[in-house]
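Numbering (the working numbering), first residue to last: 2 to 249. We put the beta carbon where it would ideally sit given N, CA and C, even for glycine. Shown next, in structure tokens, is the structure this report addresses.
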């Protein structure tokens with residue numbers, strides 16, 4: 002059986018397509034690889050001798066904010082267009098963040114945490130003994146009572162945060178102010194929070210829950226005095242604290 006030769010027009014078409022593909026391939030330019038972006042986290046000292054947290058992208062600084070005594074960016078993570086920075090705002094004295102020169106562990110923070118926790122337990126035990134409740138000093142009782150005490154403070158913080166939200170948006174972000182988001186929902190949140198707060202602080206509860214409201218009030222008063230002293234020392238403090246969280 003003899004094979005037939007391919008028709009001449011078909012050969013011409015195949016040759017033309019091959020020439021066209023070859024011309025396109027030779028004219029395409031190969032893009033050189035782009036250098037990766039370089040991110041660096043750190044801080045700079047401003048004219049007022051205050052440390053300001055920043056990160057740099059390819060040498061261009063981005064200001065993050067400042068805290069009570071200053072702010073420091075210590076690490077950075079980038080995923081696509083999202084940039085995550087961690088650090089300190091300086092709401093606590095700087096010596097707490099010191100690390101061990103050899104082991105590189107936050108020894109001062111560990112000592113502070115253990116010391117405060119031990120002090121809370123000791124005070125709780127003394128109050129039980131003074132109040133005549135020494136027989137109930139077991140771990141479960143301590144957990145229930147301490148969590149109840151902490152819940153009161155947490156609910157107060159959430160209540161004040163809802164109360165401050167409409168004022169914050171009306172003053173600093175009036176273009177984004179929304180009646181539903183920044184008035185109605187916060188008011189509903191405050192109503193929902195007020196119910197458990199009432200039952201946690203209402204009179205006539207058994208000891209030691211009957212003095213928890215007074216202890217919470219004392220902590221709030223001390224916190225207000227502490228904030229007042231710091232604000233008097235640095236009037237711009239209120240605008241800076243939490244700025245990394247609120248504005249980014």
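Could you tell me the alpha carbon to alpha carbon distance between residue 230 and residue 81, rounded to whole angstroms?
Their backbone Cα atoms lie some 42 Å apart in a straight line.
Can you give me the Cβ contacts of residue 184 inside the same chain, cut-off strictly under 6 Å, excluding the 5 residues immediately before and after it?
Same-chain partners within the cutoff: 167.
Taking the straight line between their C-alpha atoms, what separation do you get for residue 40 and residue 86?
The C-alpha of residue 86 is placed about 10 Å away from the C-alpha of residue 40.
Can you find a CB in chain B that lies within less than 9 Å of the CB of residue 220?
The chain labelled as chain B is not found in the depicted structure, where only one protein chain is given.
Report back the beta-carbon spacing between residue 149 and residue 210 to the nearest angstrom; my notes put them in contact at under 8 Å.
Indeed they touch by this definition, with Cβ atoms about 7 Å apart.
If you compare alpha carbons, which of 78, 111 and 89 is closest to residue 54?
It is 89.
Would you kindly check if the distance between the Cβ of residue 42 and the Cβ of residue 76 is under 9 Å?
Result yes, Cβ atoms of residue 76 and residue 42 sit closer than 9 Å.
With residue 75 as the anchor, note down where its beta strand (DSSP E) starts and where it stops.
If you look at residue 75, you'll find it in the beta strand (DSSP E) that goes 73-80.
Three or more C-beta pairs below 8 Å linking the stretch 189-196 and the stretch 155-167
Cβ pair count under 8 Å is three or more, so yes.
Where residue 98 sits in the DSSP three-state scheme
Reduced to three states, the DSSP call for residue 98 is helix.
Report the residue from 38, 223, 207 and 214 whose alpha carbon sits nearest the alpha carbon of residue 79.
Comparing C-alpha distances from residue 79 to each of 38, 223, 207 and 214 shows the shortest one belongs to 38.
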